[in-house]
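Notes follow once the structure below has been shown.
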Amino acid sequence: MSEPSLKQMTARSIKWNIIDRVSQQLLYAVTGIILARELSKEAFGLIGALTIFQSYALMMVDGGFSYALIQRKRPTETDYSSVFWFNLLIAGLLYAILWFCAPFIADLFQGDEQLIPLSRVMFLSFIVNATAIVQTNRLMKQMNFKPIAVTNTLGLICGGVVGVWMAINDYGAWAIVWQTITLQGVKSLSLWIYCRWKPQIAMSWQALRSFFKVGGNMMMTTFLYVTFQNIYAFFIGNRVGLGQLGYYTQADKWSKLGISSMTQVLSSSFLPALSEVQDDEERFRRVVTKMNRFTAYLLFPCMIFLIVLATPIFHMLFGTKWDASIILFQLLLIRGVFTVINTLYNNYILSLGHSRAIFWLEVVRDAAAVVGIAVALPYISLATYDNAVYGLTILLWGQVAASAITWVATLVVTARITKISAWSYVRDLLPYMASSMVIGAGAWSLSMTGMGDVWLLVSQGIMALGLYVAVNSVLPSKIQRDVIGYLTGKNREL
């Protein structure tokens, strides 16, 4: 693949990934606002408890082989078919296990028996999801993200309609369960119709074994990552209760709209492009530099400005019902900065075939997280007059510290593997981080004026975005010129 063709395909990938994530955010926001107003914090706590087990199931169904398929330059039809049947087999086995374990799950969360029927229906979603993992993977490998964006949007619309209708009609937590089932069902069916791909009626263990080095390491890495993401929800629900878990679940849900969007765009857009240049050291270096700067250009203003705007955003969307979630939301966004950058660096490492290094870096993060939990656990139930989640904020500062330690370790390892200095990586981030922090501080100062939430949100948003674009125009930022040029059609190469 020639360099201009690779640039164009990467740019199109980023474009459709951004369209996909923006549309998902908007649809999640619309349905999420209605559900947050209609449902209780206990309902969100119930779903938060089930999400812990759902996350593990989704991780084990994939098995890490999706990463291996993307990393491999020329996967065969036998490879795709083998992964398809493996995913479906594991999904069926896991569902059977979790169906019988439903009462045990309820016992873990203070014996709430509502979790038993909820879990047995909710967990059907990962079987449905397993039927379309390979179809999604094939489109990603082709860097064809338009149909993925369309099917995701269609699924979200249908799921949102079902969830909102059930919430308004007092179905409680079942609204979110059937929203999830509908979303996965519509998305999977749409991908089958679009792709028209049929698996071979065979599963090659030889093909699966060939993926084990990359796929096995990525599965272990994902297992640790999922543990890191969900261990806090488990301790909150187990030790404090489903009400406090509801506050955490809301903060986590809304913070992930931005964080997961960033990580998804980076992995699905950048990893296929990196795999194409993995054998050309000089070209790989140029691609890495541009990806670093592109990520920093988007990441820092998004996260920092959201932290500043958190209070008026929550008040505009939910009134004061979820005020206790605001500080948790802000802390999770800080952690998200490290999460996105670590994901970017992991793409560089994975594209060069060093998946085992990613696993050990995840071990470092989880070890740091365990230390943080051990220190914070005695204080997790604390509350003050003006902060009902004071103990949870202590717990989340541990997450932030663990992610920062992981970033330092990942930076050192990435620099060694890619043969690009650590300072080069830091230098690519600094201008965008510094300008976002200064502008964010200026926007935050407007909160001292006593403006109402609507005018405060509008004023802070316009000030932050306008100054950021202006500063990067004056500097000037080539990345900003490239992005604007591409979006306006004046530049077809990002």
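With the numbering used here, letter number 488 in the sequence shown gets 1487, and the count goes up by one each step, no holes.
Just so it is clear, CB atoms sit at the ideal spot from N, CA and C, and this is done for glycine as well.
Can you give the Cα-Cα distance for residue i and residue j, rounded to whole angstroms?
i	j	result
Ile1393	Leu1244	15 Å
Ala1520	Met1058	The chain is shown only over 1000 to 1493; residue 1520 falls outside these bounds and no answer can be derived.
Tyr1094	Phe1122	7 Å
Glu1281	Arg1355	24 Å
Gln1183	Asn1291	33 Å
Leu1493	Ile1478	With a pLDDT of 43 at Leu1493, under the threshold of 50, the modelled position of this residue cannot be trusted, and the question is left open.
Ser1001	Tyr1079	At Ser1001, the pLDDT of 45 sits below 50, so the modelled position is not reliable and the matter cannot be decided from this model.
Tyr1467	Val1029	27 Å
Ala1174	Ile1115	16 Å
Asn1386	Val1399	19 Å
Phe1210	His1353	13 Å
Ile1235	Tyr1247	8 Å
Ser1434	Thr1075	47 Å
Ala1469	Ala1172	45 Å
Met1139	Met1436	34 Å
Glu1419	Trp1359	Correcting the residue type first, residue 1419 is Ile in the shown sequence and not Glu. So the two alpha carbons sit approximately 20 Å from each other.
Thr1077	Asp1251	39 Å
Gln1228	Val1457	33 Å
Phe1313	Phe1108	28 Å
Gly1449	Asn1471	30 Å
Arg1480	Pro1430	15 Å
Gly1465	Gly1451	21 Å
Ser1039	Thr1383	22 Å
Val1176	Val1453	33 Å
Arg1415	Phe1085	35 Å
Leu1351	Asp1279	11 Å
Val1473	Arg1073	44 Å
Gly1091	Ser1476	50 Å
Ile1089	Val1374	37 Å
Ile1192	Ser1054	27 Å
Which residue wins for smallest C-alpha separation from residue i, given the options the options?
i	options	result
Gly1397	Tyr1378, Gly1352, Gly1465	Tyr1378
Thr1050	Lys1418, Val1225, Phe1304	Val1225
Ala1403	Phe1358, Arg1334, Ile1132, Tyr1389	Arg1334
Met1302	Pro1146, Leu1117, Ile1438	Ile1438
Asp1111	Ile1175, Asn1237, Met1261	Asn1237
Ser1259	Asp1279, Asn1341, Leu1117, Gly1390	Asn1341
Val1120	Leu1391, Ser1380, Phe1052	Phe1052
Glu1361	Leu1351, Ser1380, Phe1337	Phe1337
Cys1100	Phe1358, Ala1375, Leu1117, Trp1359	Leu1117
Tyr1027	Met1436, Leu1153, Ser1039, Phe1085	Leu1153
Phe1328	Asp1279, Trp1443, Leu1308	Leu1308
Leu1273	Met1142, Ile1192, Gly1451	Met1142
Val1425	Gly1441, Phe1313, Thr1288, Gly1465	Thr1288
Met1432	Lys1252, Gln1205, Pro1300	Pro1300
Val1060	Leu1087, Gly1465, Ser1039	Leu1087
Leu1223	Ile1156, Trp1454, Ile1357, Leu1474	Ile1357
Lys1186	Asp1169, Trp1196, Ile1156, Lys1197	Ile1156
Leu1298	Arg1415, Ile1096, Asp1427	Asp1427
Asp1169	Ser1476, Pro1475, Ser1423, Glu1037	Glu1037
Output yes or no for whether 9 Å exceeds the beta carbon distance between residue i and residue j.
i	j	result
Ser1446	Thr1310	yes
Leu1256	Leu1330	no
Ala1408	Val1370	no
Ala1232	Gly1031	no
Leu1190	Ile1147	yes
Gly1158	Gln1178	yes
Ile1132	Phe1083	yes
Phe1283	Gly1460	no
Ile1167	Val1127	no
Ala1035	Leu1316	yes
Leu1410	Tyr1344	yes
Cys1194	Arg1137	yes
Measure the beta-carbon distance from residue i to residue j and round it to whole angstroms, keeping in mind my assumption that it falls under 8 Å.
i	j	result
Asn1151	Asp1019	6 Å
Ile1230	Ile1326	With a Cβ gap of about 20 Å, Ile1230 and Ile1326 do not count as contacting.
Ser1124	Leu1207	Not really, about 24 Å apart at Cβ, beyond 8 Å.
Thr1413	Ile1348	6 Å
Val1339	Thr1417	No, Val1339 and Thr1417 are not in contact; Cβ-Cβ is about 18 Å, not under 8 Å.
Tyr1389	Leu1381	5 Å
Ser1254	Leu1332	5 Å
Ser1324	Gln1249	5 Å
Ala1463	Ala1442	4 Å
Is any beta-carbon of chain C found at less than 9 Å from that of residue i?
i	result
Pro1074	The chain labelled as chain C is not found in the depicted structure, where only one protein chain is given.
Practice task
Spell out a yes or no on whether the stretch 1027–1043 and the stretch 1240–1260 are touching, meaning 3 or more CB-CB pairs, one atom from each, closer than 8 Å.
Solution key: Result yes; three or more Cβ-Cβ pairs closer than 8 Å.
Exercise for the section: Examine the Cβ distances between the stretch 1097–1108 and the stretch 1163–1179 and report whether three or more of them are shorter than 8 Å. Expected result: Note that the stretch 1097–1108 does not touch the stretch 1163–1179; fewer than 3 beta-carbon pairs, one per stretch, sit closer than 8 Å.
Practice task
Evaluate contact between the stretch 1290–1310 and the stretch 1361–1376, counting only Cβ atoms and requiring at least three cross-stretch pairs below 8 Å.
Solution key: The stretch 1290–1310 is not in contact with the stretch 1361–1376.
Practice task
Answer yes if the stretch 1191–1201 comes into contact with the stretch 1022–1029, meaning at least three C-beta pairs across the two stretches below 8 Å, and no otherwise.
Solution key: Counting Cβ pairs under 8 Å, fewer than three are found: no touch.
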